[in-house]
Amino acid sequence: MKALTPRLSSLPSRQVFQSTRYTQLLAPATTAAAVCTTTGSSRPFSVLNRPPPNYPGHVPLTKLERAALAVGSGVVSLLDPYRHDMIAALGEATASPYFVERLRRAMLASPTGRRILRDRPRITSASLDLPRLRALPRNSVGATYVAWLDREGVSPDTRDAVRYIDDAECAYVMQRYRESHDFYHALTGLPVVREGEVALKAFEFANTLLPMTGLSLLALVTMKPAERARFWSTYGPWAVRNGLRSQEVINVYWEEEMATDVDELRVRLGIEQPPDLRDIRKRERAERKRLKEAAAAQAVAS
Numbered sequence: 139m140k141a142l143t144p145r146l147s148s149l150p151s152r153q154v155f156q157s158t159r160y161t162q163l164l165a166p167a168t169t170a171a172a173v174c175t176t177t178g179s180s181r182p183f184s185v186l187n188r189p190p191p192n193y194p195g196h197v198p199l200t201k202l203e204r205a206a207l208a209v210g211s212g213v214v215s216l217l218d219p220y221r222h223d224m225i226a227a228l229g230e231a232t233a234s235p236y237f238v239e240r241l242r243r244a245m246l247a248s249p250t251g252r253r254i255l256r257d258r259p260r261i262t263s264a265s266l267d268l269p270r271l272r273a274l275p276r277n278s279v280g281a282t283y284v285a286w287l288d289r290e291g292v293s294p295d296t297r298d299a300v301r302y303i304d305d306a307e308c309a310y311v312m313q314r315y316r317e318s319h320d321f322y323h324a325l326t327g328l329p330v331v332r333e334g335e336v337a338l339k340a341f342e343f344a345n346t347l348l349p350m351t352g353l354s355l356l357a358l359v360t361m362k363p364a365e366r367a368r369f370w371s372t373y374g375p376w377a378v379r380n381g382l383r384s385q386e387v388i389n390v391y392w393e394e395e396m397a398t399d400v401d402e403l404r405v406r407l408g409i410e411q412p413p414d415l416r417d418i419r420k421r422e423r424a425e426r427k428r429l430k431e432a433a434a435a436q437a438v439a440s
């Protein structure tokens with residue numbers, strides 16, 4: 139990350155402010171980490187005397203169990219990036235205690251973030267009323283979001299519930315990040331194909347510092363050479379630049395932004411759209427098909 143992070147002295151004042159999320163991760167951790175490590179019992183425990191859950195669905199883990207979950211889910215996620223349950227488990231196992239607490243502090247530092255923590259809204263197809271979003275102006279956030287869902291064949295109801303983060307409020311922060319992920323897709327236009335997911339995870343890593351988003355970059359080794367080259371030349375630099383300079387995306391109250399012009403929201407957050415990846419891949423497929431047909435025609439003629 140050192141090579142990817144610009145010197146603070148060379149950054150605009152807004153970017154210097156945003157870059158403080160890195161120093162904030164370390165400085166107050168000793169005093170704030172306890173918020174996300176509380177298990178309902180201050181004494182150590184084992185699998186034989188596990189404490190009661192702190193919220194519905196919560197599974198308290200020992201340190202050994204958490205480490206095993208992180209390693210196991212990480213390996214499975216790398217081998218099969220469509221195992222969303224394993225990606226979710228990896229995110230939770232590696233976020234506690236410091237990284238999800240940093241996100242929580244970022245929310246507490248923002249008036250909008252504090253309202254989100256107080257209200258604890260959930261993002262589902264029912265809560266968003268997707269038919270209503272389809273009736274909004276075409277360039278609104280709501281219409282852009284639902285159009286992206288329809289194009290990619292995605293539903294907001296598929297996000298796994300948080301289970302392995304001990305503190306209930308920190309668990310909600312992780313749930314909010316998870317349920318907001320598709321809004322980041324819609325805002326950037328990146329598709330759900332592996333190449334698009336890796337680019338978005340790189341953006342999220344620069345913005346949120348969640349370890350799972352950084353570990354997702356290991357999927358680069360499974361991508362085709364042309365896709366890796368495109369990441370390093372285009373989508374990687376875009377992700378780092380925009381993730382560092384943009385506002386904390388965890389603090390967007392998406393439910394209140396549905397009628398907002400999506401371009402206006404991008405400007406407000408400091409996010410620029412990357413080149414249309416689906417369009418690029420479509421043109422490449424068409425070119426490969428053309429060359430293949432031309433080669434076949436030449437072979438027949440000869």
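Okay, so the sequence shown: first residue is 139 according to the working numbering, each after it adds one.
In this text, a Cβ means the ideal position worked out from N, Cα and C, and glycines have one as well.
182 is the residue among 218, 213, 182 whose C-alpha sits nearest the C-alpha of residue 201. For residue 277, there is no enclosing alpha helix (DSSP H), since its DSSP letter is neither H nor E. A Cβ-Cβ separation of about 5 Å places residue 341 in contact with residue 381 under the 8 Å criterion. In this structure, residue 224 sits near residue 215, with a CB-CB distance shorter than 9 Å.
Around the CB of residue 374, 16 or more other CB atoms lie within 10 Å, so the residue is classed as buried. Under the criterion of beta carbons closer than 8 Å, residue 242 and residue 307 qualify as touching, at roughly 7 Å. Bridge partners of residue 399 according to DSSP: 278. In this chain, the alpha helix (DSSP H) harbouring residue 363 covers 363–368.
The straight-line gap separating the alpha-carbon atoms of residue 384 and residue 222 is approximately 27 Å. With a cut-off of 8 Å on Cβ pairs, the stretch 362–376 is in contact with the stretch 325–337, counting three or more such pairs. DSSP, reduced to helix, strand and coil, places residue 372 within a helical segment of the structure shown.
Boundaries cannot be given for residue 391, as no alpha helix (DSSP H) includes it and DSSP labels it neither H nor E. Nearest in C-alpha terms to residue 423, of all of 395, 439, 365, is 365. Inclusion of residue 297 and residue 254 in the CB contact set at 9 Å is not warranted, their separation being larger than that value. The beta-carbon distance between residue 344 and residue 377, rounded to whole angstroms, is 6 Å. This is short enough to meet the 8 Å contact definition.
Look at the beta carbons and you see the stretch 394–402 touching the stretch 274–292: at least three pairs across the two are nearer than 8 Å. By the neighbour-count definition (other C-beta atoms within 10 Å, threshold 16), residue 400 is a buried residue. In the structure shown, the three-state DSSP call for residue 193 is coil. Distance from the Cα of residue 348 is smallest, within the candidate group 191, 206, 227, 193, for 227.
Note that the C-beta distance between residue 229 and residue 301 is not below 9 Å. When secondary structure is reduced to three states using DSSP, residue 385 falls in the coil class, being assigned neither helix nor strand.
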